[in-house]
Amino acid sequence: MNNLFYSKLAFQNLRKNRSLYLPCLLSGAVIVMLFYVLDSICVMLGSAEMRGASYLELILGLSRNVCGFLSIVILFYINSFVMKQRKREFGLFCVLGMEKQHLFRVLFLETTMVGVGSILLGIIGGALFSQLLFLVLLNLVQYEIALEFMVPLSSIGLTAAVFAAAYLLVVLAEAVQIIRTNPIDLLHSSKVGEREPKARWLLALLGAISLGSGYALAIGVKSAAEAIMFFIVAVILVIIGTYLLFTAGSIAVLKIMRRNKSFYYKPNNFVSVSGMIYRMKQNAMGLANICILSTCVLVTLSSTICLYIGAENITANRFPRDVITNFALEDGTEESAVSTIENLAEQHGLEIKNAVKVYPYSLLTYWDGQHSFSSIRSDNMTDISHLCDFQTLPLSSYNEAMGMNYQLREHEVLLNQGKMNLNGRFQIDETEYKVKGLIPYPDFLAGSDDGNGIYAVMVMRDDERQELWDAYHKGENTFPWFQYVFDVDGAESRRQVFQDCLREALVETKRPSGENLRVGSVSSRDVDRKDFYEMFGGLFFVGIFFTLLFLLATVLIVYYKQITEGFDDHDRFHIMQQVGMSPHEVKSAIHKQVLMVFFLPLGLAMVHIAAAFPALCKILQGFQMTNVKLFVVCVLGTCLFFSIVYLVIYWLTANVYYRLAK
Amino acid sequence: MSLLEVRHLKKIYTTRFGGNQIQALSDVNFTVEAGEYVAVMGESGSGKTTLLNILASLDKPTSGELFLNGKNMTSIPDRELCAFRRKNLGFVFQDFNLLDTFSLKDNIFLPLVLSRVKYHEMERRLPPIAQKLDIADILEKYPYEVSGGQKQRAAVARALITKPYLILADEPTGALDSKAAGRLLSLFEQINQEGQTIVMVTHSTRAASHASRVLFIKDGEVYHQIYRGETSNEEMYQRISDSLTVLATGGMDVE
Numbered sequence: 009m010n011n012l013f014y015s016k017l018a019f020q021n022l023r024k025n026r027s028l029y030l031p032c033l034l035s036g037a038v039i040v041m042l043f044y045v046l047d048s049i050c051v052m053l054g055s056a057e058m059r060g061a062s063y064l065e066l067i068l069g070l071s072r073n074v075c076g077f078l079s080i081v082i083l084f085y086i087n088s089f090v091m092k093q094r095k096r097e098f099g100l101f102c103v104l105g106m107e108k109q110h111l112f113r114v115l116f117l118e119t120t121m122v123g124v125g126s127i128l129l130g131i132i133g134g135a136l137f138s139q140l141l142f143l144v145l146l147n148l149v150q151y152e153i154a155l156e157f158m159v160p161l162s163s164i165g166l167t168a169a170v171f172a173a174a175y176l177l178v179v180l181a182e183a184v185q186i187i188r189t190n191p192i193d194l195l196h197s198s199k200v201g202e203r204e205p206k207a208r209w210l211l212a213l214l215g216a217i218s219l220g221s222g223y224a225l226a227i228g229v230k231s232a233a234e235a236i237m238f239f240i241v242a243v244i245l246v247i248i249g250t251y252l253l254f255t256a257g258s259i260a261v262l263k264i265m266r267r268n269k270s271f272y273y274k275p276n277n278f279v280s281v282s283g284m285i286y287r288m289k290q291n292a293m294g295l296a297n298i299c300i301l302s303t304c305v306l307v308t309l310s311s312t313i314c315l316y317i318g319a320e321n322i323t324a325n326r327f328p329r330d331v332i333t334n335f336a337l338e339d340g341t342e343e344s345a346v347s348t349i350e351n352l353a354e355q356h357g358l359e360i361k362n363a364v365k366v367y368p369y370s371l372l373t374y375w376d377g378q379h380s381f382s383s384i385r386s387d388n389m390t391d392i393s394h395l396c397d398f399q400t401l402p403l404s405s406y407n408e409a410m411g412m413n414y415q416l417r418e419h420e421v422l423l424n425q426g427k428m429n430l431n432g433r434f435q436i437d438e439t440e441y442k443v444k445g446l447i448p449y450p451d452f453l454a455g456s457d458d459g460n461g462i463y464a465v466m467v468m469r470d471d472e473r474q475e476l477w478d479a480y481h482k483g484e485n486t487f488p489w490f491q492y493v494f495d496v497d498g499a500e501s502r503r504q505v506f507q508d509c510l511r512e513a514l515v516e517t518k519r520p521s522g523e524n525l526r527v528g529s530v531s532s533r534d535v536d537r538k539d540f541y542e543m544f545g546g547l548f549f550v551g552i553f554f555t556l557l558f559l560l561a562t563v564l565i566v567y568y569k570q571i572t573e574g575f576d577d578h579d580r581f582h583i584m585q586q587v588g589m590s591p592h593e594v595k596s597a598i599h600k601q602v603l604m605v606f607f608l609p610l611g612l613a614m615v616h617i618a619a620a621f622p623a624l625c626k627i628l629q630g631f632q633m634t635n636v637k638l639f640v641v642c643v644l645g646t647c648l649f650f651s652i653v654y655l656v657i658y659w660l661t662a663n664v665y666y667r668l669a670k
Numbered sequence: 518m519s520l521l522e523v524r525h526l527k528k529i530y531t532t533r534f535g536g537n538q539i540q541a542l543s544d545v546n547f548t549v550e551a552g553e554y555v556a557v558m559g560e561s562g563s564g565k566t567t568l569l570n571i572l573a574s575l576d577k578p579t580s581g582e583l584f585l586n587g588k589n590m591t592s593i594p595d596r597e598l599c600a601f602r603r604k605n606l607g608f609v610f611q612d613f614n615l616l617d618t619f620s621l622k623d624n625i626f627l628p629l630v631l632s633r634v635k636y637h638e639m640e641r642r643l644p645p646i647a648q649k650l651d652i653a654d655i656l657e658k659y660p661y662e663v664s665g666g667q668k669q670r671a672a673v674a675r676a677l678i679t680k681p682y683l684i685l686a687d688e689p690t691g692a693l694d695s696k697a698a699g700r701l702l703s704l705f706e707q708i709n710q711e712g713q714t715i716v717m718v719t720h721s722t723r724a725a726s727h728a729s730r731v732l733f734i735k736d737g738e739v740y741h742q743i744y745r746g747e748t749s750n751e752e753m754y755q756r757i758s759d760s761l762t763v764l765a766t767g768g769m770d771v772e
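So the sequence lines, in the order shown, correspond to chains A and B.
So the first sequence is numbered by our numbering: it starts at 9 and just counts up by one.
So the second sequence is numbered by our numbering: it starts at 518 and just counts up by one.
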């Protein structure tokens with residue numbers, strides 16, 4: 009009987025506070041669902057035994073763990089909001105004669121109801137959606153396997169266990185809160201006049217410096233390597249800067265505004281500025297969180313989308329032909345390799361096309377910025393932004409590949425100078441070269457003109473190239489490379505088999521001298537593309553998941569912020585109307601404030617993205633994604649999408665707010 | 518012409534679902550001359566607050582007319598009403614209604630800022646009022662930093678700074694201790710002697726005893742009124758007290 013009373017009370021409390029608890033329940037359900045889906049997809053992948061699935065499983069497993077952790081953080085966040093709103097009510101219960109243990113009992117029941125509801129809804133929703141999402145994933149990574157409906161019990165178990173534990177933690181946190189406060193405080197907690205925040209100029213300045221240096225780092229990077237090295241540092245600086253600016257900087261700025269009398273004592277500014285000072289005190293952390301989460305969403309989504317869409321581009325860039333084979337160049341290597349490849353192709357009913365014999369020899373040099381290059385030995389590694397990759401090609405093979413008949417005199421070269429402008433002559437170590445003509449980037453070389461660092465391609469006389477090789481490698485136990493690149497024409501399935509057994513066939517090939525071929529890498533565009541889609545499809549999928557999670561967190565923060573604000577502003581509204589502000593004026597003043605508060609983080613997030621853009625471009629170049637235009641489109645698209653979602657969230661929650669504030 | 522003229526004021530509240538009608542004011546008539554200090558008394562539920570809300574143009578009467586300085590307030594369109602209220606009326610409330618987000622000074626400036634008065638003009642108007650109300654030292658403080666009496670004096674300053682025709686006070690001493698209340702009442706008297714018209718709604722006999730005239734409201738009508746004439750505050754107190762007793766016991770023939 010007594011038990012029933014408490015559960016009844018708990019249930020009624022939930023119903024009465026449904027504007028607080030419904031979002032709590034729904035978001036809990038979505039969080040549980042995301043977790044369940046990730047886990048069940050891991051299980052399904054495992055059971056499907058696909059090629060390369062282990063890698064995907066790894067990514068998904070990892071993100072499931074991160075997702076689980078973030079979920080718990082979000083649950084705590086929601087709960088602290090709800091508790092804050094209900095403090096007065098608890099105080100009233102206390103005054104009406106409930107002891108703390110009874111209060112705790114009610115809270116425990118409430119949380120249990122919400123928790124059980126979320127977990128049930130989440131798992132049911134997850135079971136329904138996991139199939140769809142699995143299909144999406146398979147589509148993204150371009151796998152073709154038969155799909156069977158599956159609700160892995162282990163996933164249900166794990167999800168239920170993880171979130172039961174999470175809600176238990178939440179209950180414990182509530183218990184601690186109840187024990188630590190006394191009922192009269194609870195009753196008056198929202199009535200205490202809030203002290204005006206002090207302007208902490210030093211912190212504000214520190215925030216500006218931190219943000220500025222983070223930006224400077226991100227904007228200043230010159231190469232992918234540098235970008236990856238400094239990006240984490242820049243991110244940390246920007247995060248620190250964001251927090252400091254929101255907490256201290258905003259208040260400092262507002263106080264400066266207030267000191268400007270002729271600005272401050274205007275109807276609109278007067279109310280907004282003073283209101284904002286308090287709002288920022290209460291909301292700075294939340295807003296900084298929103299800002300950082302939004303930035304995460306924007307970065308994750310735009311870069312994974314960009315990589316995914318750019319996949320064809322990237323593989324085309326890495327693979328000038330369908331297949332690239334590499335060998336150490338010894339006596340008879342070319343003939344044996346080519347004949348093995350052609351025989352194998354014939355066996356599979358395929359045709360080799362556009363084959364080119366390439367003799368790549370790339371010289372890593374240090375460019376002085378004008379006309380002089382010095383070869384790099386391990387001892388003079390210096391500033392990586394001045395490294396120049398000199399690809400040298402022998403004239404005979406270039407002529408053969410291009411079907412040309414160029415002639416070169418002594419120390420004359422054909423040159424593709426990339427981004428440099430050498431004005432017809434240059435020097436490598438002691439040797440002077442004269443540029444006979446400029447050539448386009450050879451289409452049979454991988455990693456073409458991608459703007460990724462400094463490079464040059466020079467075609468030189470065969471004998472001079474040999475001299476160059478000898479000069480740098482005489483006496484070393486190394487071989488020059490021979491590369492054979494070609495397209496394969498024929499049915500897809502046969503090509504697949506051909507590519508699968510190519511390497512083995514090559515390794516077993518004997519040269520005329522009786523020794524085996526020394527085979528370097530053998531890779532094909534098809535395989536590369538598969539790997540690529542697997543990796544970036546997987547990342548994209550995970551990106552979508554995290555976007556959902558971050559969006560959810562953002563929605564919740566905005567929603568609960570609006571509710572708290574609404575309650576707080578109710579009195580202020582009332583007073584201002586009595587003092588002679590029309591309801592319309594009050595509404596527009598408050599509207600302006602709320603708008604400012606909620607669009608500040610979004611605005612700053614976009615500034616962050618803009619500042620991070622050069623560095624992100626460089627990082628993407630590291631993945632050989634060099635299409636800057638595509639990335640710009642992706643970033644803008646994501647920003648637009650996110651702004652629209654944000655606007656919708658804002659609009660929906662603003663209505664709740666006005667209802668409360670009126 | 519009277520400063521304030523109230524004719525046949527009637528206010529009927531309809532409950533939300535239209536079922537019950539509650540008559541808060543049935544037929545209120547009175548006038549206030551410029552420079553008067555009028556207290557309105559009555560029991561809870563007598564319609565005092567409704568009357569004040571209507572005088573303050575925060576609420577609209579169901580029927581009847583209300584003239585301030587010859588202008589019919591019931592005919593002013595909504596969008597001009599706020600500006601009208603800001604310019605012509607000053608308010609003092611029981612719970613001060615100061616905004617926590619403003620310093621006392623900014624709270625006092627609020628109505629002027631809303632009327633787009635220039636800053637140096639506000640600066641010019643403040644010192645004499647602050648001096649008179651003895652809050653010059655605490656102008657930079659925030660409402661939660663000062664005592665109830667100080668808050669209420671700041672609220673009075675806020676009401677005075679617009680130089681309104683009429684000050685409406687709703688239980689101004691209600692939330693004050695007796696010392697602070699006494700101080701506020703003598704301030705009101707002083708302000709009134711300087712020519713400010715005041716209408717004050719109150720429960721407190723003591724507060725009302727400072728007024729030059731006391732109106733008693735019962736069941737939505739002006740039931741009775743007392744003029745001070747030459748009587749002292751103490752005698753006035755006695756007379757109000759007597760009237761209230763009669764009012765409460767339901768006697769019909771006094772005076």
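Glycine is no exception: its CB is placed at the ideal position from the N, C-alpha and C atoms.
| Query | Result |
| --- | --- |
| Closer than 8 Å by C-beta to Ala-168 (chain A): which residues in its own chain qualify, once you throw out the five before and the five after it? Chain order, please. | Ile-127, Ile-131 |
| By the 10 Å Cβ neighbour count, where 16 or more other Cβ atoms means buried, how is Met-4 (chain A) classified, buried or exposed? | Examination of residue 4 (chain A) is not possible in this model, given that chain A is present from 9 through 670 alone. |
| Is it true that the region 520 to 534 of chain A meets the region 316 to 332 of chain A, where meeting means three or more beta-carbon pairs spaced less than 8 Å apart? | yes |
| Using C-beta distances below 7 Å, list every residue in its chain close to Gly-133 (chain A), excluding the 5 sequence neighbours before and after it, in chain order. | Ala-37, Met-41 |
| Apart from the five residues just before and just after Asp-495 (chain A), which ones in its own chain have a Cβ nearer than 6 Å to its Cβ? | Arg-329, Asp-330, Lys-361, Asn-362 |
| Would you mind giving the Cβ-Cβ distance between Leu-685 (chain B) and Leu-572 (chain B), rounded to the nearest angstrom? I have them listed as a contact below 8 Å. | 6 Å |
| If Glu-440 (chain A) sits next to His-419 (chain A), beta carbons under 8 Å apart, how far is it from one beta carbon to the other, in whole angstroms? | 6 Å |
| So which residues on chain A does Met-639 (chain B) lean against when the C-beta distance must stay under 8 Å? | Tyr-273 |
| Among A:Gly-551, A:Gly-257, A:Ala-499, which one has its Cα closest to the Cα of Ile-67 (chain A)? | A:Gly-551 |
| If you run the structure through DSSP and keep just helix, strand and coil, what is Glu-472 (chain A)? | helix |
| When Cβ atoms are compared, which residues of the region 274 to 295 of chain A fall closer than 8 Å to chain B? | Lys-274, Pro-275, Phe-278, Ser-282, Gly-283, Ile-285, Tyr-286 |
| Hey, which unbroken runs of the alpha helix (DSSP H) at 4 residues or more fall wholly within the region 85 to 155 of chain A? | 108 to 149 |
| Within the continuous beta strand (DSSP E) that includes Val-527 (chain A), where are the two ends? | 527 to 532 |
| Using beta carbons (cut-off 9 Å, strictly below), is Ser-590 (chain A) in contact with chain B? | yes |
| So is Val-261 (chain A) in contact with chain B if we call contact Cβ pairs under 9 Å? | no |
| Which whole-angstrom value describes the C-beta separation of Leu-401 (chain A) and Cys-75 (chain A), a residue pair presumed to lie in contact below a C-beta threshold of 8 Å? | About 50 Å; that fails the 8 Å criterion. |
| So if I threshold CB-CB distances at 7 Å, which residues from the region 210 to 237 of chain A count as touching chain B? | none |
| Leu-446 (chain A) by DSSP, collapsed to three states: which one? | strand |
| Kindly list, in the order they appear in chain A, the residues whose Cβ is closer than 7 Å to that of Tyr-636 (chain B). | Lys-269, Ser-270, Tyr-273 |
| Which residues in chain B have a C-beta closer than 7 Å to the C-beta of Arg-580 (chain A)? List them in chain order. | Leu-616 |
| Apply the 10 Å Cβ neighbour rule to Ile-349 (chain A) and answer buried if 16 or more other Cβ atoms are within range, or exposed otherwise. | buried |
| Can you tell which of B:Gly-607, B:Arg-670, B:Leu-732 has the C-alpha that lies nearest to the C-alpha of Lys-622 (chain B)? | B:Arg-670 |
| With 9 Å as the C-beta to C-beta threshold (strictly closer), list the residues of the region 650 to 682 of chain B near chain A in chain order. | Tyr-659, Pro-660, Tyr-661, Glu-662, Arg-675, Thr-679 |
| Helix, strand or coil for Leu-30 (chain A)? Go by DSSP, reduced to three states. | helix |
| With C-beta atoms as the reference, is Leu-631 (chain B) less than 9 Å away from Phe-278 (chain A)? | yes |
| Please list, in chain order, all residues of the same chain as Leu-677 (chain A) whose beta carbon is under 6 Å from its beta carbon, the five residues on each side excluded. | The structure shown does not extend to residue 677 (chain A), since chain A spans only 9 to 670, so no value can be given for it. |
| So is Asp-576 (chain B) in contact with chain A if we call contact Cβ pairs under 9 Å? | no |
| Under a Cβ-count criterion, where at least 16 other Cβ atoms within 10 Å of its own Cβ denotes burial, should Asn-87 (chain A) be classed as buried or exposed? | buried |
| Going by Cα to Cα distance, which pick from B:Val-523, B:Leu-643, B:Pro-578, B:Pro-660 is closest to Leu-677 (chain B)? | B:Leu-643 |
| Which class does Glu-688 (chain B) belong to by DSSP, given the choice of helix, strand or coil? | coil |
| Name the chain A residues whose beta carbon is nearer than 8 Å to that of Arg-596 (chain B)? | Ser-590, His-592 |
| Here's the rule I'm using: 16 or more other beta-carbon atoms within 10 Å means buried, otherwise exposed. How should Phe-13 (chain A) be labelled? | exposed |
| Using a Cβ cut-off of 7 Å, pull out every chain B residue sitting near Glu-204 (chain A), in sequence order please. | Tyr-659 |
| In terms of DSSP beta bridges, what is Ser-382 (chain A) paired with? | A:Tyr-374 |
| Does Val-716 (chain B) get closer than 9 Å to chain A when you measure Cβ to Cβ? | no |
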